[in-house]
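Quick notes on the structure that follows.
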Amino acid sequence: DAMVIQNPRYQVTQFGKPVTLSCSQTLNHNVMYWYQQKSSQAPKLLFHYYDKDFNNEADTPDNFQSRRPNTSFCFLDIRSPGLGDAAMYLCATSRVVAVGETQYFGPGTRLLVL
Amino acid sequence: GIQVEQSPPDLILQEGANSTLRCNFSDSVNNLQWFHQNPWGQLINLFYIPSGTKQNGRLSATTVATERYSLLYISSSQTTDSGVYFCAVLPETGTASKLTFGTGTRLQVTL
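Given below as structure tokens:
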């Protein structure tokens, strides 16, 4: 089945130690998104890639970076995780960026910062 | 920016009961989706419904775009319906990529 895959499902890191979260997709979609969801809150968009074009949200901290080496994979890098970065990180894809497009979400990676 | 409010915030149902979840939004939208987030965190698309009515099994949704609200109906609820239900919108005046999620309704279905 075509899908959005996130690894690992759970990640524990130490305060200040860089961490990378991974997302892959078999849908061959052009757009990949990263969302942050803190406990009991709604998902919040961090950035997205349309093909190789990176689009950062204005309020996304510099601590968060992303890479998309090819169509299938996208990575979220947190350079110096703080306690406030503990959250669920959701990857999503869509075919294109257009008003009628549905976004498909992966299962998420739950990040714990010690 | 656009405000998206959902009600009720929390809902407890006995298995077999029906429920209606509401999503109000403060500005005109091009895109409205309903999602179910299961207890393990997976977000699952339920409906893409910027206007009109759609049905899928025990679930149906109605969006009245002119009055800026959408309703999600769950009939004959089951324990597997538990989780958080989000509506998410694309405002007409925003960027086509940025879905704004509502505040969510947490549903618990008990035996």
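Protein sequences appear in the order of chains B and Z. If you read the first sequence in the working numbering, its first letter stands for residue 46, the second for the next number, and so on. If you read the second sequence in the working numbering, its first letter stands for residue 12, the second for the next number, and so on. Note that the Cβ used here is the ideal one computed from N, Cα and C, for glycine as well.
If you follow the beta strand (DSSP E) that residue i is in, where does it begin and where does it stop?
{"i": "Val76 (chain B)", "result": "76-82"}
{"i": "Met133 (chain B)", "result": "132-139"}
{"i": "Leu54 (chain Z)", "result": "54-59"}
Using the C-alpha atoms, what's the distance from residue j back to residue i?
{"i": "Pro102 (chain Z)", "j": "Asn41 (chain Z)", "result": "6 Å"}
{"i": "Leu24 (chain Z)", "j": "Leu32 (chain Z)", "result": "12 Å"}
{"i": "Asp107 (chain B)", "j": "Cys136 (chain B)", "result": "19 Å"}
{"i": "Trp79 (chain B)", "j": "Asn73 (chain B)", "result": "17 Å"}
{"i": "Ser86 (chain Z)", "j": "Gly151 (chain B)", "result": "27 Å"}
{"i": "Leu82 (chain Z)", "j": "Pro53 (chain B)", "result": "35 Å"}
{"i": "Phe118 (chain B)", "j": "Ala28 (chain Z)", "result": "42 Å"}
{"i": "Thr45 (chain B)", "j": "Thr71 (chain B)", "result": "Chain B is shown from 46 up to 159; residue 45 (chain B) falls before or after that span and cannot be answered."}
{"i": "Ile123 (chain B)", "j": "Ile55 (chain Z)", "result": "26 Å"}
By Cβ distance, which residues of its chain are closer than 7 Å to residue i, with the 5 residues on each side in sequence left out?
{"i": "Phe99 (chain B)", "result": "Phe92, Ser111"}
{"i": "Asn75 (chain B)", "result": "Tyr95, Asp96, Arg140, Val141"}
Looking only at its chain, what residues have a beta carbon closer than 6 Å to the beta carbon of residue i, apart from the 5 residues adjacent to it on each side?
{"i": "Leu66 (chain B)", "result": "Leu121, Tyr134, Thr154"}
{"i": "Tyr84 (chain Z)", "result": "Thr31, Ser71"}
{"i": "Ser62 (chain Z)", "result": "Thr74, Ala76"}
{"i": "Met77 (chain B)", "result": "Tyr94, Cys119, Thr138"}
Kindly give me the distance between the Cβ atoms of residue i and residue j, rounded to whole angstroms, as I take these residues to be in contact under 8 Å.
{"i": "Tyr80 (chain Z)", "j": "His47 (chain Z)", "result": "Between His47 (chain Z) and Tyr80 (chain Z) the Cβ distance is about 19 Å, and since that is not below 8 Å, they are no contact."}
Check this for me: beta carbons of residue i and residue j, under 7 Å apart or not?
{"i": "Gln119 (chain Z)", "j": "Ser93 (chain Z)", "result": "yes"}
{"i": "Leu90 (chain B)", "j": "Lys109 (chain Z)", "result": "yes"}
{"i": "Ala132 (chain B)", "j": "Val158 (chain B)", "result": "no"}
{"i": "Cys34 (chain Z)", "j": "Gly115 (chain Z)", "result": "no"}
Taking 8 Å as the limit between beta carbons, can you name the residues of its chain near residue i, skipping five residues before and five after?
{"i": "Thr147 (chain B)", "result": "Ser139"}
{"i": "Phe60 (chain B)", "result": "Pro126, Gly127, Leu128, Val158, Leu159"}
{"i": "Leu22 (chain Z)", "result": "Ser30, Leu32, Thr116, Arg117, Leu118, Gln119"}
{"i": "Glu26 (chain Z)", "result": "Ser88, Gln89, Thr90, Val120, Thr121, Leu122"}
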